[in-house]
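*Asks:* The structure under discussion is supplied below as structure tokens; questions concerning it will follow.
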Amino acid sequence: MSSANVNLRTMRFDVVLRTFTDFFDREKIRFVVIGGLAIHAWGRSRNTQDINFAVDLSQRETVVAFAESMGYKTHFLSDGYSNHEHSSSDWGRVDLMYVTGETAEKVFATATIKPIAGDIAAPVARPELLAAMKATAMKNAPRRVLVDAADVQFLMNVPGVDRDAIRDYFAQRGLLELFNALEKHS
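To convert, take the position in the sequence shown, counting from 1, and add 1; that gives our numbering.
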């Protein structure tokens, strides 16, 4: 991953990614990369300011304790999400999404190992699931349409993607008109 694609001037994505993935592997915690790095792994060059992971909800306390032991301050914590920021820009921000049940099984079972940064490869969520996460984000914060629409259009065109699944995710969130507009222009 070149510095033209990820903001390496501030956060050391390679170091943070390796630190967290090594921890997840050592502790046998199921995880996938989501967010901007996942979109990049699928082939869209884009800047991002943080690293996002989805992990099993049952491991939330363990993961939060690890982040805090690394010097991250927890800014927000719920059953669904947590946000952590380090005082050093090298370590930056790590956001975690917690999944359980059928959602967890789908996210982890369908992940694909992809190169992320340098020689680091990790499981990455499928394009359809990334689009579903983007749909949820846009539903919850409509201003995100300006940022996330281009990501969804890209994801809709990844070879082998199931556009009908993406359409269903948007329909479930009451965003079918938005999906249709994105599809028309992709």
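Ideal Cβ positions, reconstructed from N, Cα and C, are used throughout, including at glycine.
Please state the DSSP three-state secondary structure of Asp80.
*Replies:* Numbered from its first residue, the sequence shown carries residue 80 at position 79. In the structure shown, Asp80 sits in coil (DSSP, three-state: anything other than H, G, I, E or B).
*Asks:* Taking its Cβ as the centre, do 16 or more other Cβ atoms sit within 10 Å of Lys185, making it buried, or is it exposed?
*Replies:* Residue 185 sits at position 184 when you count from the first residue of the sequence shown. Lys185 is exposed by the Cβ-count criterion.
*Asks:* Taking only three categories from DSSP, how would you classify Pro160?
*Replies:* Position 159 of the sequence shown holds residue 160. If DSSP states are grouped into helix, strand and coil, Pro160 belongs with coil.
*Asks:* Around the Cβ of Val7, are there at least 16 other Cβ atoms within 10 angstroms (buried) or fewer (exposed)?
*Replies:* Against the sequence shown, residue 7 aligns to sequence position 6. For Val7, the predicted model reports a pLDDT of 42, less than 50, meaning its position is unreliable; a value from the coordinates is still stated below. The residue is buried, with at least 16 neighbouring Cβ atoms inside 10 Å.
*Asks:* Look at the alpha carbon of Leu176 and the alpha carbon of Ala42, and state the distance between them as a whole number of angstroms.
*Replies:* Looking up residue 176 in the sequence shown gives position 175. Looking up residue 42 in the sequence shown gives position 41. Going by the C-alpha atoms only, they are around 26 Å apart.
*Asks:* Less than 8 Å between the CB atoms is what I'm expecting for Tyr82 and Met98, so what's the real figure, rounded?
*Replies:* As a working mapping, residue 82 is identified with position 81 in the sequence shown. As a working mapping, residue 98 is identified with position 97 in the sequence shown. Right, the Cβ-Cβ distance comes to about 6 Å (below 8 Å), so this counts as a contact.
*Asks:* My guess is that His85 and Val100 are in contact by the Cβ rule of under 8 Å, so how many angstroms apart are they, rounded?
*Replies:* What you label residue 85 is simply residue 84 of the sequence shown in a count that begins at 1. What you label residue 100 is simply residue 99 of the sequence shown in a count that begins at 1. 17 Å between Cβ atoms; not a contact.
*Asks:* Which complete beta strand (DSSP E) runs does the segment 62-121 hold, if anything under 3 residues is left out?
*Replies:* If we require 3 residues or more, the beta strand (DSSP E) runs fully inside the segment 62-121 come out as 73-78, 82-87, 94-100, 113-118.
*Asks:* CB-CB under 6 Å to Phe109, same chain, minus the five flanking residues each way: which ones, in chain order?
*Replies:* Translated into the one-based positions of the sequence shown, residue 109 becomes position 108. Contacts found: Arg31.
*Asks:* Would a C-beta distance cut-off of 8 Å place Asp15 and Gly119 closer than the cut-off?
*Replies:* On the sequence shown, residue 15 is found 14 positions in, with the first residue counted as 1. On the sequence shown, residue 119 is found 118 positions in, with the first residue counted as 1. Against a cut-off of 8 Å, the Cβ pair of Gly119 and Asp15 comes out as a contact.
*Asks:* In three-state terms, what does DSSP make of Asn141?
*Replies:* The count along the sequence shown starts at 1 and reaches residue 141 at position 140. Helix.
*Asks:* Ile52 lies in the beta strand (DSSP E); which residues open and close that run?
*Replies:* For this step, residue 52 is matched to residue 51 along the sequence shown. Residues 51-57.
*Asks:* Determine which residues share a DSSP beta bridge with Ile35 and list them.
*Replies:* On the sequence shown, position 34 is the one that residue 35 refers to. Per DSSP, Asn53.
*Asks:* Can you grab the Cα-Cα spacing for the pair Asp111 / Ala68, in whole Å?
*Replies:* Indexing the sequence shown from 1 puts residue 111 at position 110. Indexing the sequence shown from 1 puts residue 68 at position 67. Going by the sequence as given, residue 111 is Thr instead of Asp. Each residue's alpha carbon lies about 26 Å from the other.
*Asks:* Could you give the distance in angstroms between the alpha-carbon of Tyr73 and the alpha-carbon of Ser88?
*Replies:* As a working mapping, residue 73 is identified with position 72 in the sequence shown. As a working mapping, residue 88 is identified with position 87 in the sequence shown. Looking at the two C-alpha atoms, the distance is approximately 7 Å.
*Asks:* Sort Met139, Val146, Val17 by Cα distance to Gln50 and report the nearest one.
*Replies:* Walking along the sequence shown from the start, residue 50 turns up at place 49. Nearest option by C-alpha distance: Val17.
*Asks:* Here's the rule I'm using: 16 or more other beta-carbon atoms within 10 Å means buried, otherwise exposed. How should Glu28 be labelled?
*Replies:* Along the sequence shown, read from residue 1 onward, the residue named residue 28 stands at position 27. Exposed.
*Asks:* Can you say whether Asp152 is buried or exposed, counting buried as having 16 or more other CB atoms within 10 angstroms of its CB?
*Replies:* Residue mapping note: residue 152 aligns to position 151 of the sequence shown, counting from 1. Looking at its Cβ environment, which holds 16 or more other Cβ atoms inside 10 Å, Asp152 is buried.
*Asks:* Based on Cα-Cα distance, which residue from Val34, Ala150, Ser187, Ala133 lies nearest to Arg168?
*Replies:* By one-based count along the sequence shown, residue 168 stands at place 167. Checking every option, the nearest Cα to that of Arg168 belongs to Ala133.
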